[in-house]
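Participant:
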Amino acid sequence: MVGPMQPLDRVREQIDGIDDRIHDLIMERTALVAAVIRAKAAAPRLAYRPGREARILRRIADRHDGPFPPAALHRIWREIISASLGLQGGLHVSIFGENGALSLLARNHFGTAATLSAMLSIDRVIDSVALGPAALGILPVPRDGERAPWWPRLADRDGISIVAKLPFLPVGADRPEVENALVIAAAAPEPSGADHSFLVLRRESEISRAGVKGILGRHDFDPFMVLSYGGDGLFGFLAEIDGFVESGDPRLDALRGSFANTASTVTLLGAYAKPLTEIVRAEAKEPAS
């Protein structure tokens with residue numbers, strides 16, 4: 135403990151000692167990452183683990199105390215995680231658009247170690263993830279009323295899933311309006327313990343959004359957002375579901391049977407860990423017990 139009347143030079147010596155211990159722990163953590171890399175060599179997979187990262191950052195947020203700003207603390211951990219990903223072969227991220235908003239989101243989340251590439255079309259972002267060189271793609275969150283939404287195109291691409299949402303961490307009070315984005319990868323998402331999932335439902339005959347929500351509810355899905363789109367002779371819907379839905383979920387087969395008619399499809403589009411911003415807002419709304 136730092137005494138109230140210690141000489142300034144002594145306090146600075148203690149700070150230097152703490153810095154050395156922090157540095158030692160970073161080097162120790164890096165050695166463990168090297169062990170993880172060796173273990174993964176036998177079964178290669180995407181190094182980016184959004185579910186695992188979400189659990190780490192939530193745990194840090196839960197145990198944090200004192201005046202050090204949580205946003206700065208989270209940024210430190212994101213840089214540590216990103217540098218560790220760099221040791222596992224680097225992280226190449228393709229981003230839609232050149233306006234800088236999504237690039238800023240990506241840089242803030244994936245850190246200085248990531249390689250970012252701006253793409254002029256959403257199809258190029260998806261192709262760069264499907265065919266390389268990108269491990270991840272950053273796309274804007276779907277909005278209601280879009281003329282050419284990207285989610286029907288993603289539903290037609292095998293092996294590409296939504297795996298994360300940005301920003302995951304709270305932003306500063308001076309930036310209340312921050313664009314949201316979704317992260318896609320050539321990998322299945324993983325559960326974090328607090329997640330949302332996406333389903334794409336399409337069929338030839340017309341049905342309302344309320345009708346889609348009713349069908350989903352009858353199969354124990356909890357949709358809190360449904361977007362619609364008409365194209366290629368089909369009526370399409372993007373449903374955001376509370377909870378983590380896996381490809382083998384028996385509710386999906388039951389839903390496909392209930393939603394079925396000519397040319398109907400139900401596609402699991404992926405999932406993401408609920409950002410800390412959403413968890414904080416949800417907890418604030420809960421009534422005191």
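Per our numbering, residue 135 is the first one in the sequence shown, and the count goes up by one each step. Using N, Cα and C, we set each Cβ at its ideal position, and we do this for glycine too. The structure displayed is predicted, hence computed values, not measured ones.
Answer yes or no: do A315 and P267 have a C-beta to C-beta separation smaller than 7 angstroms?
Facilitator: It is not a contact, given that the beta carbons lie outside the stated cut-off.
Participant: Could you tell me which of A248, S398, R258 sits nearest to F371, measuring between CA atoms?
Facilitator: The residue with the shortest Cα to Cα distance from F371 is S398.
Participant: Taking the runs of the alpha helix (DSSP H) that are 4 residues or longer, which of them lie wholly in the segment 151–181?
Facilitator: Listed in chain order, nothing qualifies, since the segment 151–181 has no complete alpha helix (DSSP H) run of 4 or more residues.
Participant: Go through its chain and collect everything with a Cβ distance to H330's Cβ below 7 angstroms, but skip five positions before and after it.
Facilitator: These residues qualify, in order along the chain: E374, I375, D376, A405, Y406, K408.
Participant: Helix or strand or just coil, what does DSSP make of I190?
Facilitator: The answer is helix: DSSP assigns I190 an H, G or I state.
Participant: Taking buried to mean at least 16 other C-beta atoms within 10 Å of its own C-beta, is F244 buried or exposed?
Facilitator: So F244 counts as buried.
Participant: Assuming A188 contacts S326 (C-beta within less than 8 angstroms), just tell me the rounded distance between them.
Facilitator: A188 to S326, Cβ: 4 angstroms. Contact.
Participant: Report the three-state DSSP secondary structure of D329 (helix, strand or coil).
Facilitator: Three-state result, D329: strand.
Participant: To the nearest angstrom, how far is the alpha carbon of D278 from that of E147?
Facilitator: D278 and E147: Cα-Cα distance of roughly 57 angstroms.
Participant: Taking the alpha-carbon positions, what's the L284 to V259 distance?
Facilitator: The sequence given here places Trp at residue 284; Leu does not occur at that position. Each residue's Cα considered, the two are about 11 angstroms apart.
Participant: Answer yes or no: do L250 and S237 have a C-beta to C-beta separation smaller than 7 angstroms?
Facilitator: Yes; because the gap between Cβ atoms is below 7 angstroms, this pair is in contact.
Participant: Assuming contact is defined by CB atoms lying nearer than 7 angstroms, are H353 and R390 in contact in what I supplied?
Facilitator: No; because the gap between Cβ atoms is not below 7 angstroms, this pair is not in contact.
Participant: Following the continuous beta strand (DSSP E) through P274, name the residue where it begins and the one where it ends.
Facilitator: That run of the beta strand (DSSP E) goes 270–274.
Participant: Can you tell me whether T246 is buried or exposed? The criterion is at least 16 other CB atoms within 10 Å of its CB, across all chains shown.
Facilitator: Label assigned to T246: exposed.
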